[in-house]
Every structure is written in structure tokens, then in C-alpha cells.
């Protein structure tokens, strides 16, 4: 039943669009409240006028709100805008200019990144079957309007002057930035505790672990081990998973990152990932599979690594090419008056024509139609000779019987982080690839690309799960360090 729930993705984009509509209505109301309650303040920084083929001299500014920490305020003449100036053809909507000029500390203004964060909040409230990484990927693939979102506005909604700055986005949304804005908006709106994330919810780590095991072509039998880790660490508890903005320490769980981190921990428990044991176990599995071709095959880490490396390299190359070819210029040109309209559209037609001719010369391959959105980036099927599917492979070569239960043949484990910073330090741990084995680097890079997050973010999540799972080991490390300090004195 859960697999069917995971694979039914037809309603996801509809849910996102409903959330976007809801967000749009609340944004309009929210902006009006801010303007009424705060008639002389705003925290809006100036935006670039890069969306139009013609710029209005009195409103050309630099800077963008697309970068989370890159606000650079520009000098503005602080004066009351006259009605004639506001209604000018180059000034935009009646409240657009005043909205962009007002400043007040503590006011959260709706921008495109915050609108995206608001959409995720509504999806989380509804407990929809979509994660934050999926939402950002749908934006990247063009299924959800974000870059040049104004071109999807109806014809009667003309975008002029300062209004264009609100929708001027010059970078892709990042996971960490949107995650921070989700918490920021929820706390600002003083939202109550969200609906409980229970075991039958899509965002529960047991279900997400099963989903990502399928995604990266790992054996189904590993799901029992991930469920055990979730139970032992307590990260599957309702209170731990449920978002409560009004709590003392308000923070929502990174559900997708957490689930992937659990899988990384299980892989370390099984194979150690020290560039030695995993290859020894692969040799044993390879010999068994050659002698017992009719039986259920044992999982071969080396063969899996080869299949996944080829697939992920191809995926990365396509992703990099798509980003390099992306046209940031709007397909729907903007104009400031009916006189400019004919000139702007003619110029745009010429640009599009030249682009098509150039693309035909550079790349002769036909353009592929946009695929419908899916939660899965990789599809693995049994019997595919080109790409081996490992879902049905067993872990008999890695596990051994101990009484009535199974345990790993590997009895060793190394911690991703030996020592954590003190509690008052915001940063938890650092990740330098050169300090870790090549196998661990591959696993971290694989899942980081899958979620479009930084490798350091995933490594940090792995370290936090290990800290809960191996509390005694960390406790012994602390005692040893204290005793050493005592000897020095």
C-alpha cells in the first residue's frame, strides 16, 4: 500500500498549484496589512530592472532578493510619492512603489523565495506526499513557475516599474535558504502546531527510507535495518517529527535529508565504507553468484557502485548542460506603453529566431518534450540487461545468524565526527572530503546530488544520527578527554 502511495504522483503538482493559489491570495492580503499598519517603514531592498527590454530611468536599481544573505541597501530619496508619480506608466501599481520604499525591522515581506517557502508550509500542513527537495526540483525543471513567474500572469495583469523588481529572480532557490524561510514565516504568522506526522504519513522516515532505497537501487531487505535505526534513535516519534512553530525551539525536520542520512548510517554498519571491507565482501558475493546462478543473488557492492556511478554521471552531465543552456530572459517581453509593445515584440521575435538558428547549428539533436513531474529521478526494472536492478538481491553475504536474530558480519564502525562543537556554537561539524574514504565520499555525493543539497549538510545530518545512536561511545570520548586534561594539570 505504501509503495502505491509513493508511486502515485499525479496529484502532486495539483497540490502545489493549489498551495500557490492560496499563497497568492494571502500574499495580497498580507501586503495590504503591512502597508496599512506600517505607513513609513519597509525592509525591501532595491531590485534589478533586468526583466524588460526597455528600462525606465527613474527606477533602475541594482541588487536582488534572490540571495539569502546578500542584501545591499541602496540610497533612496525618502519622500512622499505623489499620486501622479505613483500612477505613472513607469511606476507600477499604486502600492508597489510605497511597498518597496518602506522599512521596518521585524517585518517579513513576501518575496519569491518566501512565496516558495509559504507553498511548502501549506503542503506540510496538508501532509502532502512531497518533500522540500522535490518541490525545489520541480521548480528547477519548470513545473512550478519561479524564474520569470510574471510571464504566467493573465494579460490584464500588466507588470510595470517597481513591480518588476518583486519578481526579479536571478538564482535558483537553495534548500537551506528556503528551509530557514519556512521557519521564519511560520514563527512570524504565529502558526499553531502542525498536524501530526505519524507512521502512515509519507514524511515518516520509515516510508521515506523505503522510497530512497528504491531510488538508489539498493536491496529491499535494507528497509528492515533502516526501520531499526529509526526506532533506536527515536527520530520516528510523533513529537520529534511534527512541526510546532510556537515551541520554545521552533524547527522543522528536514525529512528527506534525515531519511537519506539513516541509509548512509546503515551502509556504514553493513560495509564499514573504509575502502577495504566493502571490496572484500564484494569478492565473496561475486564468487557466490557465479556458483549459484539459479538462487537469489547476493548483493555485490562493487557491481552496484559501477552501475550507480555510470547512471549518476550521466544524470549530472544532463543537469549541468540544462543549467548552462537555461535562458534567464523572459519569453514574454515587457513593455511600458502600447507604443512600445509592437517594437518590443518584434525585437523578441528576432531574438528567438536567432536562438533557434544558433541551436540548430550547435546541437542537431531534437528537443525532448518536458516530462511530467515525478518523485523518482531513477527508474529500475527487473530484467534490464543494460542496468542491473538490485532491489531483489539478498544480504546473506553480509549478515549472520546469532541465535534467533540476524547481525552484521562487520563488528566495526567509525564515527563521521569524533568531536562536536560546544552547545553555544551554531555550527555542528565540518566536512572535508580528503579526510574520508572514497566509498563514503561517493555515497555522500550521490545522495547530495539526489536532494540538490550541499555535501556538508548531509554529512552533518549523518553525524547527528550517529551521535544519538552511539551515545555511549561519545560519552567515553568525553570522559577520556577530561581525564587527559586532568593529567596535564
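Residue numbers (UniProt numbering): 1 to 489.
Beta carbons: idealized from backbone N, C-alpha and C, even for Gly.
Counting only beta-carbon separations shorter than 8 Å, does residue i have a partner in chain B?
i           : result
residue 199 : Structure shown: chain B not included; a single protein chain is present.
Please list, in chain order, all residues of the same chain as residue i whose beta carbon is under 6 Å from its beta carbon, the five residues on each side excluded.
i           : result
residue 244 : 193
residue 297 : 289, 393
residue 253 : 241
residue 117 : 178, 181, 182, 185
residue 191 : 245
residue 21  : Note on residue 21: pLDDT 49, under 50, position unreliable in the model; the coordinate value appears next. If we look at residue 21 and ignore the five residues flanking it on each side, it has no Cβ neighbours.
residue 210 : 223
residue 147 : 169
Please classify residue i as buried or exposed, where buried requires at least 16 other C-beta atoms within 10 Å of its C-beta.
i           : result
residue 440 : buried
residue 234 : exposed
residue 255 : buried
residue 263 : buried
residue 350 : exposed
residue 224 : exposed
residue 196 : exposed
residue 249 : exposed
residue 137 : buried
residue 85  : Note that residue 85 has pLDDT 42, beneath the 50 cutoff, so the model's placement of it is unreliable and the number below is only indicative. Flag for residue 85 reads exposed.
residue 79  : Residue placement at residue 79 is poorly supported in this model, since its pLDDT is 40, which falls under 50; the coordinates still yield a value, given next. That one is exposed.
residue 372 : exposed
residue 471 : exposed
residue 226 : buried
residue 468 : exposed
residue 379 : exposed
residue 165 : buried
residue 72  : For residue 72, the predicted structure reports a pLDDT of 42, less than 50, and the residue's modelled location is therefore unreliable. The matter cannot be settled from this model.
residue 201 : buried
residue 265 : buried
residue 354 : exposed
residue 175 : buried
residue 405 : exposed
Report the three-state DSSP secondary structure of residue i (helix, strand or coil).
i           : result
residue 298 : strand
residue 383 : coil
residue 288 : helix
residue 413 : coil
residue 257 : helix
residue 394 : strand
residue 179 : helix
residue 223 : helix
residue 495 : Nothing in the structure corresponds to residue 495, since the chain is present only between 1 and 489.
residue 174 : coil
residue 347 : helix
residue 263 : helix
residue 249 : coil
residue 271 : helix
residue 326 : coil
residue 78  : Unreliable placement is indicated for residue 78, whose pLDDT of 38 sits below 50; the coordinate value is still reported in the next sentence. Residue state, collapsed to three classes: coil.
residue 471 : helix
residue 243 : coil
residue 418 : coil
residue 430 : coil
residue 157 : coil
residue 465 : helix
residue 487 : Only weak support exists for where residue 487 lies, its pLDDT of 35 falling under 50; the value from the coordinates is given anyway. Helix, per DSSP.
residue 276 : coil
residue 188 : helix
State the beta-bridge partners of residue i as determined by DSSP.
i           : result
residue 399 : 408
residue 305 : For residue 305, which the question treats as bridged, DSSP gives no partner whatsoever.
residue 202 : Bridge partners of residue 202: none, in fact.
residue 148 : 146
Among the residues of its own chain, which have a CB less than 7 Å from the CB of residue i, if the five just before and after it don't count?
i           : result
residue 251 : 183
residue 212 : 259, 260, 263
residue 267 : 273, 443
residue 433 : 441
residue 449 : 312, 316
residue 503 : The shown model of the chain, from 1 to 489, leaves out residue 503, and the question about it has no answer.
residue 134 : 375
residue 281 : 271, 301, 397, 398
residue 329 : none
Take residue i and list the residues in its own chain whose beta-carbon comes closer than 8 Å to its own, dropping the five residues that flank it on each side.
i           : result
residue 438 : 275
residue 230 : 205, 206, 209, 236, 262
Q) Per the contact definition of three or more C-beta pairs closer than 8 Å, is the region 186-196 in contact with the region 120-138? A) At 8 Å Cβ cutoff, the stretches touch.
Q) Between the region 278-286 and the region 381-398, do at least 3 Cβ pairs fall closer than 8 Å? A) Taking a contact to require three or more Cβ pairs closer than 8 Å, the region 278-286 and the region 381-398 qualify as touching.
Q: Could you tell me whether the region 288-299 touches the region 454-463, where touching means 3 or more Cβ pairs closer than 8 Å?
A: In this structure the region 288-299 does not touch the region 454-463; the number of beta carbon pairs closer than 8 Å is below three.
**Q.** contact_flag[the region 374-393, the region 294-309] where n(CB pairs < 8 Å) is 3 or more
**A.** Enough Cβ pairs lie closer than 8 Å, so yes.
Q. Does the region 140-155 touch the region 268-278, meaning 3 or more C-beta pairs lie closer than 8 Å?
A. Counting Cβ pairs under 8 Å, fewer than three are found: no touch.
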